[in-house]
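Below is one structure, written out as C-alpha cells; the observations come after it.
Number of protein chains: 2
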Amino acid sequence: MAQSNSDYSELHVRVAWYYYKAEMTQEEIATRLGLSRARVIKVLDQCRQEGVVSFHINSPFTNCLQLEKQVIDRWKLRDAFIVPAVDPPMINRNLGAAGAQYIERNLSKEETLLGFGWGNTVSLTLKHLSLMDHQKVSMVTLSGGITAYLQNTYREENNPLFKFNSRFHIIPSPLLVSFPNTCRLILEEPEVARIMQLAQLANIVVVGIGPMSANATFTQFGYITSQELEILQKQGGVGDILGQFYDKDGNRLDVDFHNRLVAVSLEKLKTMQHVIGVAGGAHKVEAIKGALRGGYIHSLITDEKTALELVQG
Amino acid sequence: MAQSNSDYSELHVRVAWYYYKAEMTQEEIATRLGLSRARVIKVLDQCRQEGVVSFHINSPFTNCLQLEKQVIDRWKLRDAFIVPAVDPPMINRNLGAAGAQYIERNLSKEETLLGFGWGNTVSLTLKHLSLMDHQKVSMVTLSGGITAYLQNTYREENNPLFKFNSRFHIIPSPLLVSFPNTCRLILEEPEVARIMQLAQLANIVVVGIGPMSANATFTQFGYITSQELEILQKQGGVGDILGQFYDKDGNRLDVDFHNRLVAVSLEKLKTMQHVIGVAGGAHKVEAIKGALRGGYIHSLITDEKTALELVQG
DNA sequence: GAAAAACCATTACAAATGTCACCGTCTGTA
DNA sequence: TACAGACGGTGACATTTGTAATGGTTTTTC
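Here the protein sequences come in this chain order: Z and S.
In this text, residue positions in the first sequence follow the working numbering: the first is 28, and each later residue adds one.
In this text, residue positions in the second sequence follow the working numbering: the first is 28, and each later residue adds one.
In C-alpha cells, the structure reads:
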C-alpha cells in the first residue's frame, strides 16, 4: 500500500486524516500504523507546519463582523477581515494565519495569480498558506529582496516556494541597491521587467504595511539607517508599503532612496485588481491610516484592537 | 465588545480562533476571556460539532492518489476521492467527513445548488459540512423522507437545515407511501413537482448507495420487510440508490414499490450535472459495483479498503 | 569502510486536555 | 414563595498529548 517515493506525504496525510477526521487518538494511530507514538506526534506537527492540515474558522453569523462593517464604511474599503487580538509577540503570527485563511477562502476555482509584497507579515501569510493541490495558483513577487520571504521557514522542503505545483515568479534582484543608476539598469533588465509586468496581472496582491520606527523589519534589515529614519520622519513619513514611504495623507514622500528601490511603484499598485493590506499592532496604526488615506489598499486584514483604533480615531 | 444577540457565536469564533490559529492553550484562553477551563473545552467541542472550525487535509503530492487513479480508470469515473480506512463502526462517520471536505473544496465562488439523496452516509456528510458564511449555497433534497436528514443532529440550532443562510428546499412528503396511486398524486402536487424540477438543476448531487441487507438503513427504517428483501434478492438486486434497486449490471429492477417511492428516478439522476456517490464498507462493495455499472454516478467517495476491492474485483 | 548524521523506538516524565461530581446563581413557572 | 432546570464555576481525577534523554539502526559522506 505504501509507495516508494511518495511515502513521505502518504504517511502524513494518513496520520492527519486519522487524527483530525476520524478522531482517533495518537496511540490508536501509532498502533494501527505500527509507529511509535512520538513519531505520530512529530508527523502531526509537520502536518500543521506544512499545511497538510489546515484549520478554518467560519463565523456563521457574526463575530468581529460588526467591527468589520464599521471599518469598511469608515474607510470605504472593499472588504475587511478582522480577527481576535492576541498579545504583542504573537501579533504577526496571528495576522499571517488570518491572511492565509482569507486568501484560501477567496480563491476561485480559476487560475489565480497571487502577488506578494515585502515584509514579515506577508512572509508569515505565505508560510500559513496551505498547499492547495487542486488549485491552480501561481505567485509573483512585487519587489526585490527574496530573502525576506524565506526568513520564516525551517527547512528547504518546507519552503513556501515549493508549496505550489505551479510557478513562483521572483524578481531576481535585491530590494534596495546602492545607486539610482544601478536601479534603473536593473529595472530595464528584461528578466526583471517581465516579472514586474506579470505582477500587474495579479488577481490578489498581499502587501504589508511598515511602521515608522527603528524596530520595523525594514530598518532592522539594515535597509535604512537611523539617520535616514529621522529624516523621513521629519518629512512627515508615517509608514511604508513596498519600501515606499508616505505621509499621513498617504502622499508618497519625495526622497532619494525611492530611486534605489526595486519594487512595483505605489502608483502602479493603485491600478491593481485587488490589493490587500495585512497589518496590525499599536505601532502600526498611523502607518495603516496613511495607507488607507492614500488609497493604496482595497481591503484590510487586521486584528480587533487595531481595528478599534481605526474606527475611533 | 460583546454583542447582545450574537454573543453566542461571538464567543465561539473567538475561542476557536485563539485555540486553532493563535495556538493558545485552553487555560490561557480561559484566563483571557474570564471563563472556566471547562467552559473553553465545551465551547471548542461545540465549535467542532457545529462547524465553526473545520479541518482540511490537503495532500500536496500523493496519498491515496495512486488508488484514486486506478479507480477512475477502471470505472471510467470523472473523479474519485479516497480516504484512509477506519474500523467498521466508524466507516460512515469517516465517509461523511470525506464527503463534506470534497464538497467544500469543490465549491466554486458562484451560486451553487447542492442536491442531497437519502441515507445515513449522506446525512452524515450534511452534518460535517461547515457553515459557509461567505458562499452562496442552496440545497435541495432528491427524495421524500425528511427525517433521515435529521437523525444525526443533536439540537435544533445545530441542525443542518439552519446551517445555510440560503434556502433549503425539501420535498414535502414521505419517502415511501402505501399505494402507487397516492404516490402519483403526490408527485403531481405543484409544491412537490416544483422541487423535483429544481433538483434537476443541482450543480452537485450527493447520493448514498444502499446495500442489499437487513441492516441497511433503508430496511432498518422499516421501508422494506425481510420478505420483500428476499424477493428483491431473488430478482438479482444488489443495492439501491434513492430507494431504487438495481441488479449487478445496474439495471433497475421492475418491482412494485418503485411505484410508491417519492424520489427522483434513476433515469433522471443520469441526466444530472455531477452525481457523487458516497459509500464504503465491505458489505457495500457489490452495491457500489452495480451503481458504477449502471452509470448512475460520475464520481465516487469511498475509503481505501473498499476502493481496493473495486479495482481488484 | 569508518565516522558522522539522521532517523526512529522506547521510556519516563511533564503539561495539557477531558470528565465528573458538586455547588451556587439565575430564570421561568406554578 | 418555592421549585425545577439550565448554566457555568470549582476542584479532583483520568486520559491524552508533548518533551526530553537514551540507545539502536540506517543512511550519508568522506
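Virtual Cβ for every residue (Gly too), placed ideally from N, Cα, C.
Item: Contact with chain Z by I268 of chain S, beta-carbon distance below 8 Å; Value: no
Item: Within chain S, partners of G78 of chain Z - CB distance below 7 Å; Value: N85
Item: Cα-Cα separation, A334 of chain Z to Q93 of chain Z; Value: 11 Å
Item: CB-CB length for I197 of chain Z against T139 of chain Z, believed under 8 Å; Value: With 8 Å as the limit, I197 of chain Z and T139 of chain Z do not qualify as a contact, their Cβ atoms being about 18 Å apart.
Item: Endpoints, the alpha helix (DSSP H) within which H83 of chain S is located; Value: Careful: H83 of chain S lies outside any alpha helix (DSSP H), inside the beta strand (DSSP E) at 80-84.
Item: Separation of E37 of chain Z from L293 of chain S, as counted between CA atoms; Value: 37 Å
Item: Proximity below 8 Å, CB of R101 of chain Z to CB of V338 of chain Z; Value: yes
Item: Identity of the residue in S:K275, S:E331, S:Y323 nearest R105 of chain S by Cα; Value: S:Y323
Item: Rounded straight-line distance, which links the Cα of D283 of chain Z to that of T329 of chain Z; Value: 31 Å
Item: Identified DSSP bridge partners for P111 of chain Z; Value: Paired residues: none, contrary to the question.
Item: Test: M166 of chain S CB closer than 8 Å to a CB of chain Z; Value: no
Item: Cβ pair Q271 of chain S, L288 of chain S closer than 8 Å; Value: yes
Item: V219 of chain Z vs V149 of chain Z beta-carbon contact at 8 Å; Value: no
Item: Residues of the region 31-57 of chain Z with Cβ closer than 7 Å to any Cβ of chain S, in chain order; Value: S33, S36, E37, V40, R41, A43, W44, Y45, Y47, K48, A49
Item: Residues that P238 of chain Z bridges to, as DSSP identifies them; Value: Z:G266
Item: Unbroken beta strand (DSSP E) run spanning D72 of chain Z, endpoints; Value: Premise fails: D72 of chain Z lies in the alpha helix (DSSP H), 64-77, not in any beta strand (DSSP E).
Item: Cβ shell of L296 of chain Z (< 8 Å), same chain only, five flanking positions each side left out; Value: L169, V232, V234, I268, L269, V302, Y323
Item: Cβ of M117 of chain S within 8 Å of any chain Z Cβ; Value: yes
Item: Assumed close pair E331 of chain Z, P111 of chain Z - CB separation to whole angstroms, cut-off 8 Å; Value: 6 Å
Item: Candidates Z:V70, Z:N121, Z:C210, Z:I56: closest to N286 of chain Z by CA position; Value: Z:C210
Item: Alpha-carbon spacing of I236 of chain Z relative to A243 of chain Z, whole angstroms; Value: 10 Å
Item: Proximal chain Z residues relative to N121 of chain S, where beta-carbon distance stays under 8 Å; Value: K48, A49
Item: First and last residue of the uninterrupted alpha helix (DSSP H) at V291 of chain Z; Value: Per DSSP, V291 of chain Z belongs to no alpha helix (DSSP H) and is neither H nor E.
Item: Contact list for S135 of chain Z against chain S, beta-carbon separation under 8 Å; Value: S135, K136
Item: Range of the contiguous alpha helix (DSSP H) that encloses T139 of chain S; Value: Segment 139-143 is the beta strand (DSSP E) holding T139 of chain S; no alpha helix (DSSP H) there.
Item: Contacts around L225 of chain S, its chain only, beta-carbon distance under 7 Å, and the 5 residues preceding and following it disregarded; Value: V167, H196
Item: C-alpha distance - L153 of chain Z paired with G146 of chain Z, whole-angstrom precision; Value: 11 Å
Item: Whole-Å CB distance - L23 of chain S paired with V40 of chain S, under 8 Å assumed; Value: Within the shown structure, residues of chain S are numbered from 28 to 340, placing residue 23 of chain S beyond reach of any answer.
Item: Coil, strand or helix - R105 of chain Z by DSSP; Value: coil
Item: Per-residue burial, T246 of chain Z [other beta carbons within 10 Å of its own, 16 or more giving buried]; Value: buried
Item: Span of the alpha helix (DSSP H) around I324 of chain S; Value: No alpha helix (DSSP H) holds I324 of chain S; DSSP gives it neither H nor E.
Item: Whole-Å CB distance - F82 of chain Z paired with F82 of chain S, under 8 Å assumed; Value: 6 Å
Item: Candidates Z:L141, Z:R279, Z:S63, Z:A43: closest to L228 of chain Z by CA position; Value: Z:L141
Item: 8 Å Cβ cutoff, S170 of chain Z in contact with chain S; Value: no
Item: Chain Z residues whose Cβ lies nearer than 7 Å to that of F82 of chain S; Value: Y47, K48, V80, F82
Item: Per DSSP, cross-strand counterpart(s) of L203 of chain S; Value: S:L288
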